[in-house]
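S.K.: Got a structure for you, written out below as structure tokens; questions coming shortly.
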Amino acid sequence: MSLDGPIENATRITPVKKRALYKLGLRTVRDMLYYFPFRYVDFACAKKITDLVAGELASVIGELTHVDAEKTWKKKMNLAEGTVRDDTGAISVVWFNQPYIARVLKPGTHIMVSGRVSIRRGEKYFANPKWEIINNPQPSVYNMRQSTLVPVYSETYGVSSEWIRWQIKKVLNEIRDIPELIPPDILKKYHLPGIRQAIRAAHSPKNLAEAEVAKKRFSFEEIFFIQLDRQKEKKKNKENRGAAIRPDESLVREFKTSLPFSLTSAQERVLQNIFEDFEKPYPMSRLLEGDVGSGKTVIAAFAALAAVKSGYQAALMAPTEILARQHFEEFMRRLKGFRISVALLTSAESKKFPSKISFQKTADISKNQLLKYVASGDIQILIGTHALIQDRVRFKKLGFVVIDEQHRFGTEQRARLAKKKKEIESHRDSLKLLKKSQIGYMTAAPHLLSMTATPIPRTLALTVHGDLDLSVLDEMPPGRKKIITHVVSPKDREKTYEFIRSEIEKGRQTFVVCPRIEPTTNPSTRLGVSNQPLDAARGEQSTTNSSNFTDRRQRLKLSEMKAVKEEFKKLNEHVFPEFNIAMLHGKLKPKEKEHIMNDFKSGNIRILVSTSVIEVGVDVPNATIMMIEGGERFGLAQLHQFRGRVGRGEHQSYCFVFTDKTTAKIQDRLKALQESKNGFELAEYDLMFRGPGELSGKNQWGMTDTGMDALKNIKMVEAARAEAERMIGEDPELKKYPLLKKRVEELSQKIHFE
Ligand code: ADP
Ligand code: MG
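Positions 1 to 754 (full-length UniProt numbering) are the ones given, in order, by the sequence shown.
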């Protein structure tokens, strides 16, 4: 039995169970062993029923004397109801929306239930408690296990935590060989347990401390493996020769004086970073992080200008057509005095192109013509969407590449990007040949600037972008007004609508963002998945089959559209019937989108309802109100980005975060948004208080919960990075560690194509 073999090699399972496991992303023996419990329930802490206090979190052990599925109880809800009895008394247990529990649990079974003790009409009961079947309720039996801890695993329909625990136990008994991939000196240095010991401890710990140490090992392991991959990339990149871009003093001066504003000191510093990178012998690989509105585009334009003036072409790729167009327009504005040609290429349009006759005007040209100009070098800067990475786009001498919001590109595009990288690498091989043959001529690899407004915690940046150098724009251009932010609970909804109405009547415009309507999942998926609604998507996320990706993206688009349509209907028919309202979602054709955006920019449309797509870009200074529905569904950093859409003009701007969930925790979280102006701060807040599983875009990093958890620990992340850097420095191909090398390569594939 091998770790990489399918689960059914290790344990006999039915096709139904197999499908359920696939849904959890579990395919191989390794997947199974790396499926860690998200918590442990301690038998030793079980109380007697008579001692339970309403409101507390508690566990009891007893016999399930009766259990039934019922249809209604006030509302039309499916529920399972039962009674648990011990030697001191009895208590009711209710599971809402989980009628199947009545089928799974038979009267007479000994179970432990664990959850909050609720009270209704003076009667105590458990609502939706976690439960475990206990085969033998005698305390002496637990003592024989030498541990009172029971692991609890995330479940899905068809596989319970109990069942998973049982299967893992079987696999653990069967498996002979679990190779250790982390070099022993590293384990020793950081006091981490060996693999076998750690796997055992994670699934059946003697005590919580042991479980904690095991978890630490797996957190370290994940970060370390990612770092090995990134450090390898970084090292490889350094073997390329970079394009020779040398901006001279006069160009720098000329550009700066041509701007209607002066650069912030943060912008100056970042440009300094970039120009220093241009001087280095190898190509730049730099990530530029900066809040929405911090002025990243002008930096990209400046650097592109420098590239062009050194005889190279530059390319900028944006994730949406709207953004690509906006960049194109800003480049035109910033570069119009420099007599260079800028073109726009998206899948819908290939047209705008500064005509050769007048550099002030744009002209439409055919796609073929445009491609010819790119190939001949007549087009010096090409801006566009992922249309830029099509095979038919050939540059003459590409020296500088900007990717805006790289992570927003879909799976397929990212896979293509990875492929482009491969091309550059094979290009490197041909370079070596050239060197050998002593031909004087050499081409060079383009410099890369990746820009993002998604504020992520430092530890996450160090990990997922470990191969990139980091620049941060932490200063806003002067003159941006403070945006007044309010968290709106249901009772203030009407009042807020009235306020918005009066602002629109004064001539302002409003953005409305709504969260997607999640496709209704079976409620049992949520059983035991401690407040992580996103978790249900995990099974899909780890599918490597591309048709599934498309499926999923289609479904997401559909659910987004549904949410937008419902909100639109509500506002249009009931709340603001007097205003011109439009909606924007992923299912619209690019032409339609453009049309709507133009109508919004021109002020024709007063209210624009959209999905989170407007999160990036889109500059409409007259839009002063950002209204967000279902605020609790978004990460704080993401909300902060929505807010950044307004406050760009002369008028006071507002951000209203509507929420129907009024728990203190949610209110507190949203309050943080009111107080903080900085997206990075908010990302850290999300990481610490909301849990790494809820970091916006968790799915896109291809990391597990265990790995994400490690991000709270900066020391660990830095240690993993330092060790990886050292190892790659000494042994770039990991020749001494063939198994580790193989594993890192597998993970790298998975992450690139996830
Ligand atoms: P983002 O970082 O979100 O991409 P943009 O590049 O779109 O931000 O910049 C937002 C706006 O601020 C643009 O209209 C841009 O022209 C303007 N801007 C950029 N830098 C400065 C500056 N130093 N002073 C004043 N305005 C600036
Ligand atoms: Mg931008």
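We treat Cβ as the ideally placed atom computed from N, Cα and C, and that holds for glycine.
1) Between the stretch 372 to 389 and the stretch 332 to 344, do at least 3 Cβ pairs fall closer than 8 Å?
2) So what does DSSP say about Gly631, is it helix, strand or coil?
3) Short check: CB of Ile61 to CB of Met112, under 8 Å?
4) Curious, which full-length alpha helix (DSSP H) runs of at least 4 residues does the stretch 304 to 335 contain?
5) With respect to the alpha helix (DSSP H) encompassing Gly679, which residues constitute its N-terminal and C-terminal limits?
6) Does the distance between the C-beta of Asp705 and the nearest non-hydrogen atom of the ligand MG fall short of 7 Å?
7) Is Cys655 buried or exposed, if buried means 16 or more other CB atoms sit within 10 Å of its CB?
8) Considering only heavy atoms of the ligand MG, does any lie closer than 7 Å to the CB of Lys296?
9) Nearest-angstrom Cα distance between Val575 and Ala664?
10) Return the CA-CA distance between Ile199 and Phe220, expressed in angstroms with no decimal places.
11) Would you check if the distance between the CB atom of Ile383 and the CB atom of Phe338 is smaller than 8 Å?
12) Got a sec, what are the start and stop residues for the beta strand (DSSP E) Thr65 sits in?
13) In angstroms, rounded to a whole number, what distance separates the CA positions of Pro283 and Trp95?
14) Could you tell me whether the Cβ atoms of Gly586 and Glu560 are closer together than 8 Å?
15) Look at Ile195 and Glu174 and say whether their C-beta atoms are less than 8 Å apart.
16) Going by the beta-carbon positions, is the gap between Ile504 and Arg643 smaller than 8 Å?
17) Under 8 Å: do the stretch 33 to 40 and the stretch 96 to 110 share three or more Cβ pairs, one atom per stretch?
18) How many whole angstroms separate the CB atoms of Leu208 and Tyr312, which I take to be in contact at a CB cut-off of 8 Å?
19) Keeping to the same chain, check which residues put their C-beta closer than 7 Å to that of Phe255; ignore five residues upstream and five downstream.
20) Quick one: give me the first and last residue of the beta strand (DSSP E) that Tyr125 is part of.
21) Kindly say whether Ala324, judged by its beta-carbon, lies nearer than 8 Å to any beta-carbon of chain C.
22) Do the stretch 228 to 243 and the stretch 720 to 732 make contact, defined as three or more Cβ pairs closer than 8 Å?
23) How would you call Glu212, buried or exposed, if buried means at least 16 neighbouring beta carbons within 10 angstroms?
24) If you draw a straight line from the alpha carbon of Ser612 to that of Cys514, how long is it in whole angstroms?
25) Less than 8 Å separating the beta-carbons of Gln509 and Gly603?
26) Give me, in chain order, the residues of the same chain whose beta-carbon lies closer than 6 Å to that of Met451; leave out the 5 immediate sequence neighbours on both sides.
27) Taking 7 Å as the cut-off, does the CB of Gly290 come closer than this to any heavy atom belonging to the ligand ADP?
28) Taking one C-beta from the stretch 469 to 485 and one from the stretch 247 to 267 each time, how about it: are there three or more such pairs within less than 8 Å?
29) Go ahead and label Gly507 buried or exposed: buried means 16 or more other beta carbons lie within 10 angstroms of its beta carbon, across all protein chains shown.
30) Kindly indicate which residue of Lys661, Leu639 and Asp705 has the alpha-carbon position closest to the one of Glu675.
31) Quick one: what's got a C-beta closer than 6 Å to Val472's C-beta in the same chain, skipping five residues either side?
32) Note down the Cα distance separating Leu470 from Leu449, rounded to an integer number of angstroms.
33) The ligand GTP and Ala244: does the residue's C-beta get closer than 7 Å to at least one heavy atom of that ligand?
34) Three Cβ pairs or more, each shorter than 8 Å: is that satisfied between the stretch 587 to 602 and the stretch 318 to 327?
35) Could you pull out every residue in the same chain whose Cβ sits closer than 7 Å to the Cβ of Val717, ignoring the five residues on either side in sequence?
M.R.: Well, looking at it:
1) yes
2) As a position in the sequence shown, residue 631 is number 631, starting the count at 1. Helix.
3) For the purposes of this step, residue 61 is taken as the residue at position 61 of the sequence shown. For the purposes of this step, residue 112 is taken as the residue at position 112 of the sequence shown. Yes, Cβ-Cβ distance for Ile61 and Met112 is below 8 Å.
4) 321 to 335
5) Position 679 of the sequence shown, counted from the start, is the residue given in the question as residue 679. Element bounds for Gly679: Gly679 to Tyr685.
6) Position 705 of the sequence shown, counted from the start, is the residue given in the question as residue 705. No - the ligand MG has no heavy atom lying nearer than 7 Å to the Cβ of Asp705.
7) Numbered from its first residue, the sequence shown carries residue 655 at position 655. It is buried - the Cβ of Cys655 has at least 16 other Cβ atoms within 10 Å.
8) Residue numbering aside, residue 296 sits at position 296 when the sequence shown is read from its first letter. Yes.
9) In the sequence shown, residue 575 corresponds to position 575, counting from 1. In the sequence shown, residue 664 corresponds to position 664, counting from 1. In a straight line, the C-alpha of Val575 is about 28 Å away from that of Ala664.
10) On the sequence shown, position 199 is the one that residue 199 refers to. On the sequence shown, position 220 is the one that residue 220 refers to. Those two C-alpha atoms are separated by around 14 Å.
11) Within the sequence shown, the letter at position 383 stands for residue 383. Within the sequence shown, the letter at position 338 stands for residue 338. No; because the gap between Cβ atoms is not below 8 Å, this pair is not in contact.
12) Reading the sequence shown from its first residue, position 65 is the one you call residue 65. Thr65 -> beta strand (DSSP E) spans Leu57 to Glu70.
13) Indexing the sequence shown from 1 puts residue 283 at position 283. Indexing the sequence shown from 1 puts residue 95 at position 95. If I take the Cα positions, the gap works out to 59 Å.
14) To locate residue 586, count along the sequence shown from 1; it is residue 586. To locate residue 560, count along the sequence shown from 1; it is residue 560. Going by C-beta atoms, Gly586 is nearer than 8 Å to Glu560.
15) For the purposes of this step, residue 195 is taken as residue 195 along the sequence shown, with counting starting at 1. For the purposes of this step, residue 174 is taken as residue 174 along the sequence shown, with counting starting at 1. Not closer than 8 Å, so no.
16) Within the sequence shown, the letter at position 504 stands for residue 504. Within the sequence shown, the letter at position 643 stands for residue 643. Against a cut-off of 8 Å, the Cβ pair of Arg643 and Ile504 comes out as no contact.
17) no
18) As a first step, residue 208 is located in the sequence shown; it is residue number 208 there, counting from the start. As a first step, residue 312 is located in the sequence shown; it is residue number 312 there, counting from the start. Not really, about 58 Å apart at Cβ, beyond 8 Å.
19) The residue labelled residue 255 in the question sits at position 255 within the sequence shown. The residues are Phe302 and Leu305.
20) Here the question's residue 125 lines up with position 125 in the sequence shown. Here the beta strand (DSSP E) through Tyr125 covers Glu123 to Ala127.
21) No chain C appears in the structure shown, which is made up of a single protein chain.
22) yes
23) Position 212 of the sequence shown, counted from the first residue, corresponds to residue 212. Exposed: under 16 other Cβ atoms inside 10 Å.
24) Stepping through the sequence shown from its first residue, residue 612 is reached at position 612. Stepping through the sequence shown from its first residue, residue 514 is reached at position 514. Those two C-alpha atoms are separated by around 7 Å.
25) Taking the sequence shown and counting its residues from 1, the one referred to as residue 509 is at position 509. Taking the sequence shown and counting its residues from 1, the one referred to as residue 603 is at position 603. In this structure, Gly603 lies closer than 8 Å to Gln509 by Cβ.
26) Here the question's residue 451 lines up with position 451 in the sequence shown. Taken in chain order, the residues that qualify are Leu288, Lys296 and Asp404.
27) Within the sequence shown, residue 290 is the residue found at index 290, counting from 1. Yes, Cβ of Gly290 sits closer than 7 Å to a heavy atom of the ligand ADP.
28) yes
29) Here residue 507 is taken as the residue at index 507 of the sequence shown, counted from 1. By the 10 Å Cβ count, Gly507 comes out exposed.
30) As a position in the sequence shown, residue 675 is number 675, starting the count at 1. That would be Leu639, whose Cα lies nearest to the Cα of Glu675.
31) By 1-based counting over the sequence shown, the position of residue 472 is 472. Excluding positions up to five away in sequence, the list reads Glu289.
32) By one-based count along the sequence shown, residue 470 stands at place 470. By one-based count along the sequence shown, residue 449 stands at place 449. When rounded, the distance between both Cα atoms is 10 Å.
33) With respect to the ligand GTP, the structure offers nothing, as its ligand set consists of the ligand ADP and the ligand MG.
34) yes
35) For the purposes of this step, residue 717 is identified with residue 717 of the sequence shown, where counting begins at 1. Contacts found: Ile223, Thr459, Leu462, Thr463, Ala710 and Leu711.
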